[in-house]
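In the order they appear, the protein sequences are chains A and B.
The numbering of the first sequence is the numbering used here, which starts it at 1 and goes up by one.
The numbering of the second sequence is the numbering used here, which starts it at 1001 and goes up by one.
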Amino acid sequence: MEDQILALTAELAVVKSAAQVTNSMFAEAYYYLTIPLMVIIHAGFLLYEMGQTRVKNVLSSGIKNLLAFAFTIITFYLFGWWFYWALPTFPVTSLTAGMGYMETSGLAYASAIALPWGESAQYMGPNMGDHASGVFWGAFALFAATTASIASGALIERIQTVGFVICAIVLGSFAWVVAAAWGWHADGWLVTEFGFHDFGAAGLVHAVAGFFALGILLNLGPRVGKFNADGSANKISGHNLPLTVTGLMLIIVGFFGFLMACIILPGEGWSWYADGGATIYGTPITLSALAFNVCLAASGGIIGAWVFTRDPFWMMSGCLAGIISVASGLDVYFGSHVIIISIVAGMILKPCADWVEGLGIDDAVGAVTVHGTIGLFGVVVLGVFGSGIPGLGAFAPEDTVAISLYGQIVGAVVMFLLGFVPGYIVSWLVNKAGMLRIPDAVQIKGLDAVKVPAQAYPESMVSAESDSK
Amino acid sequence: MGYFIESFTELHADGAWMDMGMYIGSGASFLGMSVTGWMSLVASVMLVAILVKGNIDEQDHYK
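Next comes the structure, spelled out in structure tokens:
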């Protein structure tokens, strides 16, 4: 009998070990697969941006977008990832960026796991005992690249390539990362002190990127020919609206990957729980909740936009706006909340974009409105509907602050500032160095003819001949 | 800089490879700095140099 118990115990240990390996491999594969899904966001932004560009500038827009992706990811590896783990408590709960309650933050912790040198490097490269760091880093790196792509579209046809890349690095590997540390980490001071909740990153990705773009736009100025002497605006149509609309739809496809990467899976050493998924705050969430709410939000946004416009560009932008408007509370909204909020977001989209244009700001793709304004709208609306929901999960301190309208407004203000201020300052510096705006004569001739040794449509469409080597 | 072992057999038998960096230069240092640190420094310098060169070329195009 005793031998049988021993044998069964040994077999049980083997089964448990095998189950753990399966769980670990599943979790690793889950996050790994969010990465190519998020690359689809970039395929979408590439098409969207190039389609919105005139033929004479189309390849330059593509190059700018590709370089933003590449430089953001590499710099996020070199230092951006470190900021996320180092700054959650700084400067509100710890002036010295000390470790927070969950013991996964602070200068010492970040330096131990998130730098590509020294002892920390073992978590930044091949390591058979670490199935998490790489895939988490990959998902965050794609979030970072998304912020750069969001800003990229607003600036087309007149921003210099290297100047833009510098701005993109500051946005993707610093500004939004600070926002994530403060508002998207269980130790983040916006979360612990104000109950800030932004499950799907409406504020810390979309609003930060949208208002970072606004900061650049103020220093960059409009495209040649956008505004008349009396201040009235001219419509500058892109060369391929079907390309743009298809790109927007691909961004929606990628959003499903983006949002599934926001779930913390169960059963691992780094998990919140052994038996269920959680948000980054440790609050409950399922993929089923996302399936309901993301599909409804995309549809509501299209319908809302259709109320005021019959333009497919703005209807697809409404689709994006619908998802962004509910992103903060995708984990807690009921489907009918989502329908109402996303339709309203779609409805206010075009009037808000017209208002920005009326201020003399040439946002070529409406990024400031779609991502910035609607992002903040989404953050604040959660405060209206979701006040009183616990801000952190089951293992949080007893005095955890709940979600509130006040906390969401504080978060919205912080997100606005974290986008606009760095965007304005870095673009001001780049402008002073003569690296921001492309000379008007070059804009008139066409950027591709001046600096791209290729033609976008050499056989079927009129495209200025390149004299670049 | 090389790799830190010649065979994985002993490492696997000890269960050692379950919690260590298993890449070229792991655990090694040069002139008081980790090899990974040197590699990251070189990569960073390359990025900056490429941006500088890219900007010089771009300004030439606008002349």
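All residues carry an ideal CB built from backbone N, CA and C; glycine is no exception.
Say whether chain A places a C-beta atom closer than 8 angstroms to the C-beta of Glu1058/B. yes
Which residue wins for smallest C-alpha separation from Glu49/A, given the options Ile40/A, Leu37/A, Gly62/A, Val55/A? Gly62/A
Using a Cβ-Cβ cut-off of 8 angstroms, state whether Gly322/A counts as contacting chain B. Not one beta carbon of chain B lies nearer than 8 angstroms to the beta carbon of Gly322/A.
In DSSP terms, what Ile74/A is bridged to: Paired residue(s): none; Ile74/A is not in a bridge.
Label Val426/A either buried or exposed according to how many other C-beta atoms from any shown protein chain fall within 10 Å of its C-beta, with 16 as the threshold for buried. By the neighbour-count rule (16 or more Cβ atoms within 10 Å), Val426/A is buried.
From the beta carbon of Thr161/A, is the nearest beta carbon of chain B less than 8 angstroms away? yes
What are the start and end residues of the alpha helix (DSSP H) that includes Gln1059/B? 1035-1062
Do the region 320-337 of chain A and the region 293-300 of chain A touch if we need at least three Cβ pairs shorter than 8 angstroms? The region 320-337 of chain A, when compared against the region 293-300 of chain A, does touch it at the 8 angstroms Cβ threshold.
What are the residues that DSSP puts in a beta bridge with Pro390/A? Ala402/A
So with CB distances below 9 angstroms, who are the chain B contacts of Ser468/A? His1061
Burial state of Gln20/A, where buried means 16 or more other Cβ atoms lie within 10 Å: By the 10 Å Cβ count, Gln20/A comes out exposed.
Along chain A, which residues have their Cβ under 9 angstroms away from the Cβ of Ser1034/B? Trp117, Gly118, Glu119, Ala121
Between which two residues does the alpha helix (DSSP H) holding Ser342/A run? 335-358
Around the Cβ of Val401/A, are there at least 16 other Cβ atoms within 10 angstroms (buried) or fewer (exposed)? buried
Note down, in chain order, every chain A residue with its Cβ under 9 angstroms from the Cβ of Tyr1023/B. Ala121, Gln122, Gly125, Pro126, Asn127
Can you tell me the Cβ-Cβ gap for Leu204/A and Gly183/A, rounded? I've got them flagged as a contact below 8 angstroms. With 8 angstroms as the limit, Leu204/A and Gly183/A qualify as a contact, their Cβ atoms being about 5 angstroms apart.
Can you tell which of Ile302/A, Gly358/A, Ser288/A has its C-alpha closest to the C-alpha of Leu330/A? For Leu330/A, the closest of Ile302/A, Gly358/A, Ser288/A by C-alpha to C-alpha distance is Ser288/A.
Please list, in chain order, the chain B residues whose beta carbon lies closer than 8 angstroms to that of Ile438/A. Tyr1062
With H, G and I counted as helix, E and B as strand and the rest as coil, what does DSSP make of Ile264/A? strand
Nearest candidate by alpha-carbon position, reference Ala391/A, set Leu349/A, Tyr457/A, Ile348/A, Val191/A: Correcting the residue identity first, residue 391/A is Gly in this sequence and not Ala. Nearest C-alpha to Gly391/A: Val191/A.
Closer than 8 angstroms to chain B by CB, Leu78/A: Closer than 8 angstroms: yes.
With a threshold of 8 angstroms, are at least 3 pairs of Cβ atoms found where one atom belongs to the region 161-181 of chain A and the other to the region 139-152 of chain A? yes
Taking any Cβ of chain B, which residues in the region 410-443 of chain A have a Cβ under 8 angstroms from it, in chain order? Gly434, Met435, Ile438, Pro439, Val442
Relative to the C-alpha of Glu28/A, which candidate in Ser328/A, Val379/A, Ile374/A, Ala261/A has its C-alpha closest? Answer by Cα proximity: Ala261/A.
Cβ neighbours of Ile280/A in the same chain (closer than 8 angstroms, five flanking residues each side left out): Trp184, His185, Ala186, Phe199, Cys262, Ile264
Mind listing which residues of the region 67-99 of chain A have their C-beta closer than 8 angstroms to chain B's C-betas, in chain order? Within the region 67-99 of chain A, the residues whose Cβ lies closer than 8 angstroms to some Cβ of chain B are Phe71, Ile74, Thr75, Leu78, listed in chain order.
Does any C-beta atom of chain E lie closer than 8 angstroms to the C-beta of Ser1040/B? The structure shown contains no chain E; its protein chains are A and B.
Could you tell me which residues DSSP puts in a beta bridge with Ser1029/B? Ser1034/B
Run through DSSP, which three-state label would Pro312/A get? Per DSSP, reduced to three states, the secondary structure at Pro312/A is helical.
Where DSSP assigns a beta bridge to Phe227/A, which residues make up the other side? Paired residues: Ala233/A.
Around the C-beta of Ser1003/B, are 16 or more other C-beta atoms found within 10 angstroms, so that it is buried, or is it exposed? Position check: residue 1003/B holds Tyr in this sequence, whereas Ser was assumed. By the neighbour-count rule (16 or more Cβ atoms within 10 Å), Tyr1003/B is not buried but exposed.
From Trp117/A, Trp270/A, Asn57/A, pick the residue whose C-alpha is nearest to that of Thr104/A; which is it? Trp270/A
Partners in chain B for Val338/A, counting only beta-carbon separations shorter than 8 angstroms: What Val338/A touches in chain B: nothing, since even the nearest Cβ is about 42 angstroms away.
Boundaries of the alpha helix (DSSP H) in which Gln443/A is found, first to last residue: DSSP places Gln443/A inside the alpha helix (DSSP H), whose first and last residues are 440-445.
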